[in-house]
Amino acid sequence: MKIGVCAKVAPDPNARLKVAGDGASIVMDGVKTKLADYDEYAVEEAIRTKEAHGGEICVYTVGDKKAEKLVRGGALALGVDKAVLIQEEPTDPLGVAKLLAAAIKNDECNLVFTGKSSTDEQNFQVGVMIAELLGWAHVTQVTQLSFEGDTFTATRNLDAGVRQVVKGSLPAVITCEDGLNTVRYAKLPAIMKAKKKPFDKVAGADVGAEAGDGRRTVGNMSPPPPRPAGKIIEGDAATAAKELVRLLREEAKVL
Amino acid sequence: MSGILVVAEHTGGAFSKSAAELLGKATELAAVLGSSVSAVVLGDADAASLGSFGATKAYTVAGDFSTYDAGATIDALAAVIEASGADIVLAPASYAFRDALPRLTARFDGAMASDCQELSVASGNLVARRPTFAGSIEADVTLVARPAFATVRNNAFPAPAGSGGAAAVEAVSFERTTPTVEVVETLAPDTSGIDVGTADKVVAGGRSLGSKEKFDGLIRNLGEVMGAGVGASRAATDAGYAPHAEQIGQTGQVVSPSLYLAIGISGAIQHLAGMRTSKVIVAVNKDPDAPIFEHASYGIVADLFEVVPALTEELRG
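Taken in sequence, the protein lines are chains H and Y. Just so we're aligned: the first sequence equals residues 1 to 255 in the working numbering. Just so we're aligned: the second sequence equals residues 256 to 572 in the working numbering.
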């Protein structure tokens with residue numbers, strides 16, 4: 001199998017973020033970054049698939065130079081064979097997908113793993129868009145996966161706790177959900193060895209793709225409006241409970 | 256004339272609340288844009304009735320769409336988008352449309368905003384407000400490309416009163432071209448009772464419940480008395496007190512009920528991401544500094560093991 005993993009660099013989910021003056025981005029100075037959580041599952045699943053079925057893995061990422069350090073210290077040290085950074089700054093998920101799909105096509109991958117969404121914009125779009133651009137099948141929010149030759153069986157999470165088992169054939173894009181696997185971390189010797197693995201930096205033109213621009217703009221970013229200060233209900237348990245029920249019925253009118 | 260196409264979701268012919276809600280909103284947006292409003296119904300449901308909520312036309316696609324088949328849904332919607340000439344497509348943010356719409360966006364070289372909480376118009380473009388960074392930051396996404404696609408969260412808009420009108424129905428046929436996967440089995444959730452994802456009232460418990468027995472005895476019991484869905488924090492589901500399907504938060508379910516009772520939940524960002532848009536939030540926690548109190552309409556700073564039984568008694572009476 002030729003496996004592609006699409007991964008991105010995102011702010012650490014525990015970081016307290018501030019909106020920049022332009023209202024269109026986050027202040028990144030001093031903010032820790034990591035490979036987006038769901039993309040870590042994608043890297044891990046690619047490695048497990050290679051361990052079980054053989055093949056090669058390439059990690060593809062767009063834009064962020066910080067990716068090199070993260071990918072060398074992570075994916076490349078864990079069993080990924082090479083990485084490609086496409087040095088463009090697309091302005092929407094479709095632009096990202098166009099660049100990644102082109103790189104994947106050039107390398108003749110037949111299986112792509114990516115997180116179900118990134119942890120920053122959380123659009124849930126890029127993985128599925130790549131499948132469309134390549135004309136492949138896709139399955140999203142996968143929590144279990146196995147292969148038999150070129151066919152796969154996957155369990156996907158629908159809404160309301162419902163899960164579905166599906167069967168399909170390669171080539172396909174799989175988007176990874178929490179619970180698919182447990183991510184392993186690299187040890188220092190492997191990280192040192194990974195320094196020699198290829199990490200190519202290319203332009204969109206090198207993979208024959210243009211992200212395009214102007215399909216959307218993002219702005220007016222702000223924390224959600226704070227809720228009006230709430231009421232702390234005093235008294236012992238019985239008194240407080242009684243008062244709460246009264247307020248929910250008479251004031252909030254939700255009971 | 257430009258047109259807004261609303262995907263009217265239904266289960267076995269019964270329309271989801273989102274159908275009326277999205278049609279109501281579409282009617283409002285269309286008035287500003289000078290657009291028409293139409294609906295699309297995949298499979299068997301009373302399409303004409305959607306006229307009551309503002310659809311002048313309802314496109315129907317025959318077939319069995321009851322089990323989600325990505326290829327069929329995508330190809331059917333693509334055919335309707337072409338037949339209708341719609342340049343804005345609205346759908347609920349349920350699994351099927353979260354899965355299908357990005358493919359359509361790529362197919363039509365459009366732009367998409369996912370999981371929107373508000374829609375408006377600026378300079379002739381759809382502006383979608385949506386949560387990012389686990390809901391800690393909201394952003395406006397202006398969709399300039401056409402067609403523009405948006406999936407909308409539960410309970411984002413009020414349902415309009417029906418006017419009783421009927422939409423003109425037009426059948427559309429489609430060809431299967433998109434590669435798809437075959438559904439082998441659908442597994443019901445390992446929970447019973449009210450679906451927490453769509454419940455109007457939710458009671459959720461945290462790790463401090465201490466055991467599955469106590470979680471069931473206190474939280475699940477209170478939920479039953481209240482007629483509420485039962486949820487849990489990630490810490491509680493990781494500890495096995497409740498099934499993963501009941502987890503509320505960034506990596507679990509995102510809910511927006513009228514009433515959310517957070518019992519023994521501290522209110523970490525990742526949990527808030529799953530319930531912060533609830534209309535009324537009540538917090539019960541021993542720790543007066545728990546972040547949840549900053550988001551609660553009502554709070555009780557006390558031991559949940561005393562408060563929950565008292566609350567249950569009060570509601571039972």
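We treat Cβ as the ideally placed atom computed from N, Cα and C, and that holds for glycine.
Taking a cut-off of 8 Å on C-beta distances, the region 487–504 of chain Y does not touch the region 544–559 of chain Y, as fewer than three cross pairs fall below it.
Judged by DSSP secondary structure, Arg156 (chain H) falls within the beta strand (DSSP E) whose first and last residues are 151–157.
Considering only Y:Ile474, Y:Thr315, Y:Thr406, the residue with the shortest C-alpha distance to Ser428 (chain Y) is Y:Thr315. Following the DSSP letters along the chain, one finds Gln87 (chain H) in no alpha helix (DSSP H), marked with neither H nor E. Distance from the Cα of Pro444 (chain Y) is smallest, within the candidate group Y:Val438, Y:Gly452, Y:Val295, for Y:Gly452. In chain order, Pro402 place their CB closer than 6 Å to the CB of Phe363 (chain Y), counting only its own chain and leaving out the 5 sequence neighbours on each side. Rounded to the nearest whole angstrom, the CA to CA distance from Pro223 (chain H) to Ile233 (chain H) is 27 Å. Within the DSSP secondary-structure output, Tyr314 (chain Y) pairs in a beta bridge with Y:Val295, Y:Glu425. Each of H:Gly179, H:Ala20, H:Pro198 was checked against the Cα of Leu76 (chain H), and the nearest Cα belongs to H:Pro198. Only Phe388, Ala389, Gly390, Ser391, Ile392, Glu393, Ala394, Asp395, Val396, Thr397, Leu398, Val399, Ala400 from the region 388–401 of chain Y bring a Cβ to less than 8 Å from some Cβ of chain H. Distance from the CA atom of Ala154 (chain H) to the CA atom of Gln144 (chain H), rounded to whole angstroms, is 5 Å.
Going by DSSP, Leu345 (chain Y) is part of the beta strand (DSSP E) stretching over 343–347. Taking 9 Å as the cut-off, the Cβ atoms of Ser513 (chain Y) and Ala545 (chain Y) do not count as close. Within chain H, the residues Leu248, Ala252, Val254, Leu255 have their CB atoms less than 9 Å from the CB of Leu514 (chain Y), given in chain order. The closest CA to that of Cys109 (chain H), considering only H:Asp120, H:Cys58, H:Met129, H:Asp150, is found on H:Cys58. Here Leu297 (chain Y) has Val316, Phe320, Ala331 as same chain residues with Cβ atoms under 6 Å from its own Cβ, once five neighbours each way along the sequence are excluded. In this chain, the alpha helix (DSSP H) harbouring Glu250 (chain H) covers 237–250. Cβ neighbours of Pro413 (chain Y) within its own chain (closer than 8 Å, five residues either side excluded): Glu276, Gly279.
If the five residues before and after Leu111 (chain H) are omitted, its C-beta is found closer than 6 Å to the C-beta atoms of Met1, Ile3, Leu170, all from its own chain and listed in chain order. Among the bridge pairs identified by DSSP, Ile555 (chain Y) is matched with Y:Val539. Considering only beta carbons, the part of the region 478–501 of chain Y lying closer than 9 Å to chain H consists of Met481, Pro498, His499, Ala500, Glu501, in chain order. With respect to chain Y, the C-beta atom of Asn14 (chain H) has a partner C-beta closer than 9 Å.
Taking 9 Å as the Cβ-Cβ cut-off, the region 446–473 of chain Y approaches chain H at Thr446, Asp450, Val451, Gly452, Thr453, Asp455, Lys456, given in chain order. The beta carbon of Gly309 (chain Y) sits closer than 6 Å to those of Leu278, Thr282, Val292, all from its chain and outside the five residues before and after it, given in chain order. In the DSSP assignment, Pro189 (chain H) falls within the unbroken alpha helix (DSSP H) covering 188–194. Note that the region 68–85 of chain H does not touch the region 119–135 of chain H; fewer than 3 beta-carbon pairs, one per stretch, sit closer than 8 Å. When C-beta atoms of the region 473–491 of chain Y are compared with those of the region 196–212 of chain H, fewer than three pairs fall below 8 Å, so the two segments do not count as touching. For the set Y:Ala500, Y:Val562, Y:Ser488, Y:Lys456, the Cα lying nearest the Cα of Ser511 (chain Y) is the one of Y:Lys456. Around the beta-carbon of Pro13 (chain H), 16 or more other beta-carbon atoms lie within 10 Å, marking it buried. Asp37 (chain H) is classed as buried because its beta carbon has at least 16 other beta carbons within 10 Å across all chains shown. DSSP places Leu516 (chain Y) inside the beta strand (DSSP E), whose first and last residues are 514–518.
Take Glu56 (chain H), set aside five residues on each side of it, and the residues of its chain with a beta-carbon closer than 6 Å to its own are Lys2, Asp81, in chain order. Note that the region 26–43 of chain H touches the region 169–186 of chain H; at least 3 beta-carbon pairs, one per stretch, sit closer than 8 Å. Inter-residue distance for Ala52 (chain H) and Ala523 (chain Y) is about 38 Å (C-alpha atoms, whole angstroms). From the beta-carbon of Lys534 (chain Y), the residues of chain H found nearer than 9 Å are Ala252, Val254.
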